[in-house]
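Peer 1:
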Amino acid sequence: MGCLCDRGDSSGTLPVDDVLLSDQGARLVSDPVFGDQFTVKQSLPKHPLTSDFVEPLAGRTNLVTAEFQEWKTWRSAFNPGFSASHLMTLVPGIVTNVSIFCDILREHARKNDLFRLEKHATRLTIDIIGKVVLDLDFKSQRGEHELVSAFESQVAWQPVGAMFRPTELINIFRPFVQWRNTRTMDRCVARELDKRFATLEERSKQKNIIDLALNTYLKENPPAKTQSVNRTMDSRFKQAAIDNIKVFIFAGHDTSSSAICYAFYHLSRNPETLAAVRKEHDAVFGTDVSKVGEIIEQEPHLINKLDWTMAVIREVLRLHPPASTIRIGNKDFFLNDPTTNEQWPTDDFMLFPVNINYHRSGKLWSDPNRFRPQRWLAHAPPPEGANRDAYVAFSKGNRNCIGQELALIEIKIVLAMAVRCFDFSVRYDELDKLKGDKSGYPSDSSGIQEQFGDEAYQIQLGTAKPREGLPCRVKLRDV
Ligand code: HEM
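In case it helps, our numbering puts the sequence shown at residues 1210 to 1688.
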């Protein structure tokens, strides 16, 4: 491993460092001064490994991997689906799904059983995204839906990730299982596309992702006056629409579910923060916790008053960012050290702004490994406050996360409806009892059990998730 800069911080992290990944060099970037050069000032194309990762989940033509004009066309087609005013119309659907999530937690509390929170959080967020993207109720929190099951299986069979599954080692199965899952996912999405396409012109304009995709098609291919709306959709466009819908379903649930788990994890370990968040919820929604969902539905803008809750979410995503970006360098692009004016070539290098290094750098943050949400409160100026330049949870530049506001809204609603009802306790000490629960997690209590002092360190399962799916118990609070 060779280093490019010798301005490492106290933890020894270098702003730019080189490693060899299989047969290709990678420049690991740990400082926004360098990372912004290829994500913000100029946005270099995504590295081909992004497509390798995304393709089994969302095919070849999707917003995450698209470049140049194709990306521009799709990004502007989908932008209206994330306008502040449209997002507020999604709140009732989110509240309905969060109520079901809370009911499920209530059932666990009554049974006082041990369970993995990740499964419930993932089913919650996939149900929410099903409504946002397809205007469809998957109802997967209470039952099975073939599209959801295919997604879950596809994530579990990703080659990077759940290596603990013995079947993972026998690679000959993977292509078949992934091919079958893709066929199921494509069939389900195509069915919805056909239904919506047939009725598109009869319905008033809607901004869910499926209709925004179809409107793009109609704009590019206006029907002739004599043509019936039953005409068939161009097959290339249809596949691109299917892939984009799948990418929204994947990107829109897998990351948010990880953040929900980590929010409960940190709140359960930080009683003072938990008390501050509960106090804030009392002040904003009143003390009758049974009414919160109704109040949020009627006055959705109240969630903009949740400063502490928002600070918790930002801090959770600082310590445990579930996703990142990787770019590919080229012969005309050089990384520049502004203090020395030295230039480094990037041709054929993977350029990786390492989110964990940004977020846990002692040079960029005070007390970087500690959960301290108050650093995000408006009255906490730097150095106590947050270093917003060094915050890349949603990436930066024009390829930043299109769904970030939606994610923040849904996580805020989950916390607003749950934290005053339940006491969470994280139970890695009882992991052995979950052995053989068919979750796919190994229940491995041997070897290293923590990283940075956290038992719930991140593993890759799709995006990055808490180890072992966050085993926990919940108790009902007397409120
Ligand atoms: C806590 C939740 C979330 C986190 C931490 C997160 C993080 C990210 C990151 C780091 C990227 C950059 C990926 C790359 O460059 O390869 C990204 C892009 C993206 N995210 Fe999110 N995301 C979240 C929620 C969502 C949601 C709810 C949606 C959809 C409703 C979504 C849809 C997307 C899409 C489509 C892109 C690609 C955007 C583009 O390239 O134009 N994400 N997200």
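Glycine included, C-beta positions come from ideal geometry on N, C-alpha and C.
#1: What is the residue span of the beta strand (DSSP E) that T1582 lies within?
#2: Should V1688 go down as buried or exposed, given a rule of 16 or more other Cβ atoms within 10 Å for buried?
#3: Are the CB atoms of H1568 and P1530 nearer to each other than 8 Å?
#4: Identify which residue in E1664, R1686, I1337 and I1338 has its Cα closest to the Cα of D1632.
#5: Please report the distance separating the alpha-carbon of F1494 from that of V1501.
#6: What whole-angstrom Cβ distance do T1518 and L1624 have, given they're in contact under 8 Å?
#7: Among G1571, G1594, L1573 and K1572, which has the Cα closest to the Cα of P1582?
#8: How many whole angstroms separate the CB atoms of L1323 and P1680, which I take to be in contact at a CB cut-off of 8 Å?
#9: Using 7 Å as the cut-off, classify the Cβ of R1405 as near or not near the heavy atoms of the ligand HEM, replying yes or no.
#10: Report the residue from G1234, D1227, V1228 and D1245 whose alpha carbon sits nearest the alpha carbon of T1534.
#11: Just curious, the beta strand (DSSP E) that G1502 is in, first and last residue?
#12: If you compare alpha carbons, which of T1548, E1524 and F1558 is closest to N1539?
#13: Residues in the same chain with beta-carbon distance under 7 Å from A1371, minus the five sequence neighbours each way, listed in chain order, please.
#14: Sorry if obvious, but does the Cβ on S1533 come closer than 7 Å to a heavy atom of the ligand HEM?
#15: Cα separation between E1664 and H1329?
#16: Between A1293, M1442 and N1390, which lies nearest to E1264 when the distance is taken from Cα to Cα?
#17: Any heavy atom of the ligand HEM inside 7 Å of the beta-carbon of P1257?
#18: Between the Cα of Y1471 and those of V1521, N1424, D1541 and F1287, spot the shortest distance and give me the residue it belongs to.
#19: Using the Cβ count rule (16 or more neighbours within 10 Å means buried), how would you classify T1555?
#20: If I'm right that Q1448 touches G1268 with Cβ under 8 Å, what's the distance once you round it to whole angstroms?
#21: So, T1259 versus V1273, is the Cβ gap smaller than 8 Å?
#22: Do V1341 and the ligand HEM come close, with the Cβ less than 7 Å from some heavy atom?
#23: Looking at the ligand HEM, does it come within less than 7 Å of R1608, judged from the CB to the closest heavy atom?
#24: With H, G and I counted as helix, E and B as strand and the rest as coil, what does DSSP make of V1273?
#25: Can you find a CB in chain B that lies within less than 8 Å of the CB of R1629?
#26: Are P1562 and G1571 closer than 8 Å when you measure CB to CB?
#27: If you reduce the DSSP assignment to three classes, tell me which class C1681 lands in.
Peer 2: Quick look at the numbers:
#1: Counting from 1 along the sequence shown, the entry for residue 1582 is found at position 373. It is Pro, not Thr, that sits at residue 1582 in the sequence shown. Judged by DSSP secondary structure, P1582 falls outside any beta strand (DSSP E); it is assigned neither H nor E.
#2: For this step, residue 1688 is matched to residue 479 along the sequence shown. Its Cβ having fewer than 16 others within 10 Å, V1688 is exposed.
#3: Translated into positions along the sequence shown, residue 1568 becomes position 359. Translated into positions along the sequence shown, residue 1530 becomes position 321. Yes.
#4: One-based indexing of the sequence shown puts residue 1632 at position 423. D1632 has its Cα closest to that of R1686, out of E1664, R1686, I1337 and I1338.
#5: As a first step, residue 1494 is located in the sequence shown; it is residue number 285 there, counting from the start. As a first step, residue 1501 is located in the sequence shown; it is residue number 292 there, counting from the start. About 6 Å.
#6: Mapped onto the sequence shown, residue 1518 falls at position 309. Mapped onto the sequence shown, residue 1624 falls at position 415. Here T1518 really is in contact with L1624; their C-beta atoms are around 5 Å apart, less than 8 Å.
#7: Counting from one through the sequence shown, the residue named residue 1582 turns up at place 373. P1582 has its Cα closest to that of G1594, out of G1571, G1594, L1573 and K1572.
#8: On the sequence shown, residue 1323 is found 114 positions in, with the first residue counted as 1. On the sequence shown, residue 1680 is found 471 positions in, with the first residue counted as 1. Yes, L1323 and P1680 are in contact; Cβ-Cβ is about 6 Å, under 8 Å.
#9: Sequence index remark: in the sequence shown, residue 1405 carries index 196 (1-based). At a threshold of 7 Å, R1405 does not count as near the ligand HEM, since its beta carbon sits no closer than that to any of the ligand's heavy atoms.
#10: Mapped onto the sequence shown, residue 1534 falls at position 325. Nearest to T1534 by alpha-carbon distance, out of G1234, D1227, V1228 and D1245, is D1245.
#11: For the purposes of this step, residue 1502 is identified with residue 293 of the sequence shown, where counting begins at 1. Where G1502 is concerned, there is no enclosing beta strand (DSSP E), although the alpha helix (DSSP H) around it starts and stops at V1501 to Q1507.
#12: For the purposes of this step, residue 1539 is taken as the residue at position 330 of the sequence shown. Cα-wise, what sits closest to N1539 is F1558.
#13: Numbered from 1 along the sequence shown, position 162 holds the residue referred to as residue 1371. Low confidence applies to A1371: its pLDDT is 38, below 50, so where it sits in the model is not reliable enough to give any reading.
#14: Stepping through the sequence shown from its first residue, residue 1533 is reached at position 324. Yes - the ligand HEM has a heavy atom lying nearer than 7 Å to the Cβ of S1533.
#15: Your numbering for residue 1664 matches position 455 in the sequence shown. Your numbering for residue 1329 matches position 120 in the sequence shown. Straight-line Cα distance between these residues: approximately 20 Å.
#16: For the purposes of this step, residue 1264 is taken as residue 55 along the sequence shown, with counting starting at 1. Nearest of A1293, M1442 and N1390 to E1264, Cα basis: N1390.
#17: Here residue 1257 is taken as the residue at index 48 of the sequence shown, counted from 1. No, the beta carbon of P1257 sits no closer than 7 Å to any heavy atom of the ligand HEM.
#18: To locate residue 1471, count along the sequence shown from 1; it is residue 262. With distances taken between Cα atoms, Y1471 lies closest to V1521.
#19: Locating residue 1555 in the sequence shown gives position 346, where the first residue counts as 1. By the 10 Å Cβ count, T1555 comes out buried.
#20: Within the sequence shown, the letter at position 239 stands for residue 1448. Within the sequence shown, the letter at position 59 stands for residue 1268. Yes, Q1448 and G1268 are in contact; Cβ-Cβ is about 7 Å, under 8 Å.
#21: The residue you call residue 1259 lines up with position 50 of the sequence shown. The residue you call residue 1273 lines up with position 64 of the sequence shown. Closer than 8 Å, so yes.
#22: For the purposes of this step, residue 1341 is identified with residue 132 of the sequence shown, where counting begins at 1. V1341: yes, Cβ under 7 Å from the ligand HEM.
#23: Sequence index remark: in the sequence shown, residue 1608 carries index 399 (1-based). Taking 7 Å as the cut-off, one finds at least one heavy atom of the ligand HEM near enough to the beta carbon of R1608.
#24: The sequence position of residue 1273 within the sequence shown is 64, counting from 1. Judged by DSSP in its simplified three-state form, V1273 adopts coil rather than helix or strand.
#25: Looking for chain B here will not work: only one protein chain is present.
#26: Here residue 1562 corresponds to residue number 353 of the sequence shown, with the count starting at 1. Here residue 1571 corresponds to residue number 362 of the sequence shown, with the count starting at 1. It is not a contact, given that the beta carbons lie outside the stated cut-off.
#27: Within the sequence shown, numbered from 1, the residue matching residue 1681 stands at position 472. Of the three classes helix, strand and coil, the one that applies to C1681 here is strand, per DSSP.
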